[in-house]
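In the numbering used here, the protein residues as written are 15 to 542.
Rendered as structure tokens:
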């Protein structure tokens with residue numbers, strides 16, 4: 015989706031910047047990324063310090079975490095003093111820097127999708143304005159909104175904002191520093207002015223799809239801890255309408271059996287129709303309930319606790335379904351390592367999973383159609399076809415060897431004597447290297463003691479093979495050196511042992527010359 019592409023683009027930008035920083039470190043011989051640069055990655059590109067640390071550790075590098083914390087503290091002090099307002103999500107921050115820092119937004123959308131709000135700020139892509147008109151791209155900030163902003167791995171809501179005389183399509187909802195929520199999008203008709211009261215209308219279909227996937231990550235987290243052990247901790251997540259991604263700490267790849275157990279456990283909790291309840295409570299009280307908190311996450315004095323029956327309890331600010339049965343179904347698509355001790359699961363639920371299965375079914379039917387069978391008979395048909403291919407390949411090899419032998423006619427008529435040692439140097443075109451070796455063994459039986467050199471041209475490439483018997487080697491023959499001595503004539507190289515050698519080349523025109531040269535090279539090897 016477009017929203018997901020924007021999120022991925024942000025991460026890609028961060029990875030690119032980190033790569034540039036690593037190159038600068040390499041130039042200076044430094045092994046430690048400065049706190050300022052680590053904070054820049056976090057502040058501008060949404061890169062959490064944990065992710066930066068993991069990427070650096072893989073390369074034997076580290077980050078100045080004290081420097082990072084100092085930069086974070088300085089940033090907060092600046093925000094408090096209202097000297098800077100920056101967009102967390104890495105968009106063009108210059109627009110937002112000019113906004114009155116006293117302005118804040120209240121999220122009212124946990125229990126409803128539609129609401130009312132007063133427009134506090136309007137911006138185009140590069141300036142604050144008093145009105146947005148038809149076709150203009152920009153950002154709307156209201157005092158209250160039912161739109162959830164991108165944070166905690168959950169993608170922001172989409173929908174529309176309607177005024178008395180205009181309609182604004184919300185394509186993304188972003189979290190701005192200072193407690194502001196920005197609705198980013200485009201005016202599709204009319205005009206919306208600063209100060210007017212507007213309706214905020216969240217797209218119910220997208221919100222539900224996101225909620226299903228977010229609630230599924232809570233079930234997945236608990237299922238992983240149950241199946242793999244309590245050492246499992248969430249190390250990151252991405253929740254979109256289409257899919258979910260969950261990063262977690264674990265020391266090895268999951269086995270197929272473990273993946274199945276986790277899937278089955280999540281689906282059993284979905285089918286159990288567990289009520290999903292939310293409570294606001296003090297942080298210490300929440301910890302007493304056993305609620306799982308995210309490692310490294312900063313929490314206020316009051317927190318939101320999301321429980322799913324007796325199965326899962328987590329601190330979470332995101333949006334969720336009201337009952338696990340709304341998730342419908344859950345399936346893990348992949349499980350892989352992304353860093354030392356960190357695994358990543360990609361999964362689907364509900365409509366996303368249904369669409370995936372439909373696509374898979376279409377592919378299966380297409381494959382069955384091409385194989386002229388039914389989907390149920392596809393595996394057996396493929397095995398039968400593979401067996402037929404193996405049989406045909408073996409038959410083909412036999413025919414090639416037979417043709418090679420026939421094409422050489424009575425090859426023993428070509429045997430020469432060099433200083434009392436028999437030499438057979440002949441062509442066997444169309445034969446691959448395996449075929450040449452087989453043919454060489456057959457001819458050696460007929461020849462008795464001596465040296466055999468065979469050459470073939472197949473698909474424009476030259477194969478050379480030489481073999482020497484024990485008697486020939488006793489006279490000084492060396493197959494490896496012989497091949498070396500003639501391979502250059504076919505534009506190639508090679509060598510081997512005294513009794514067996516081979517080479518390849520690219521010049522078929524040099525084959526006859528190479529075979530003729532074999533006599534001269536052998537003559538130089540043999541004892542007079």
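Think of the CB as a built atom: it goes at the ideal place given N, C-alpha and C, for glycine as much as any other residue.
- Among the bridge pairs identified by DSSP, residue 176 is matched with 181 and 213.
- Annotation: the continuous alpha helix (DSSP H) that includes residue 67 extends over 63-72.
- Put simply, the backbone Cα of residue 253 is about 32 Å away from that of residue 37.
- Per DSSP, the beta bridge partners of residue 121 are 159.
- By the Cβ rule, the segment 513-533 counts as touching the segment 473-485, because three or more pairs are nearer than 8 Å.
- If you check the CB distance, residue 326 and residue 236 come in under 9 Å.
- Buried is the label assigned to residue 257, since at least 16 other Cβ atoms lie within 10 Å of its Cβ.
- In the DSSP assignment, the residues bridged to residue 260 are 251 and 359.
- The beta carbon of residue 540 sits closer than 7 Å to those of 432, 433, 435, 489, 490 and 491, all from its chain and outside the five residues before and after it, given in chain order.
- Partner residues in a beta bridge of residue 365, as assigned by DSSP, do not exist.
- Proximity of the segment 203-213 to the segment 229-247 falls short of the contact definition, fewer than three beta-carbon pairs being nearer than 8 Å.
- If only uninterrupted beta strand (DSSP E) runs of at least 3 residues are considered, those enclosed by the segment 126-153 are 128-137 and 145-147.
- With a threshold of 16 other beta carbon atoms within 10 Å, residue 110 meets it and is buried.
- Between residue 505 and residue 495, the C-beta spacing is not below 9 Å.
- Spatial neighbours of residue 81 in its own chain (CB-CB distance under 8 Å, excluding positions within 5 residues in sequence) are listed in chain order as 48, 49, 50, 52 and 53.
- DSSP assignment within the segment 415-501 yields the following whole alpha helix (DSSP H) runs of 4 residues or more, N-terminal first: 447-461, 484-488 and 493-501.
- In the displayed model, residue 529 falls within a helix according to three-state DSSP.
- Out of 150, 134, 132 and 131, the CA that lies nearest to the CA of residue 140 is found in 150.
- Apart from sequence neighbours up to five positions away, the residues of its chain that approach residue 366 with a beta-carbon distance below 8 Å are 223, 227, 255, 256 and 257, ordered along the chain.
- Cβ neighbours of residue 131 within its own chain (closer than 7 Å, five residues either side excluded): 156, 157, 158, 159, 212 and 214.
- For residue 235, the enclosing alpha helix (DSSP H) stretches over residues 218-242.
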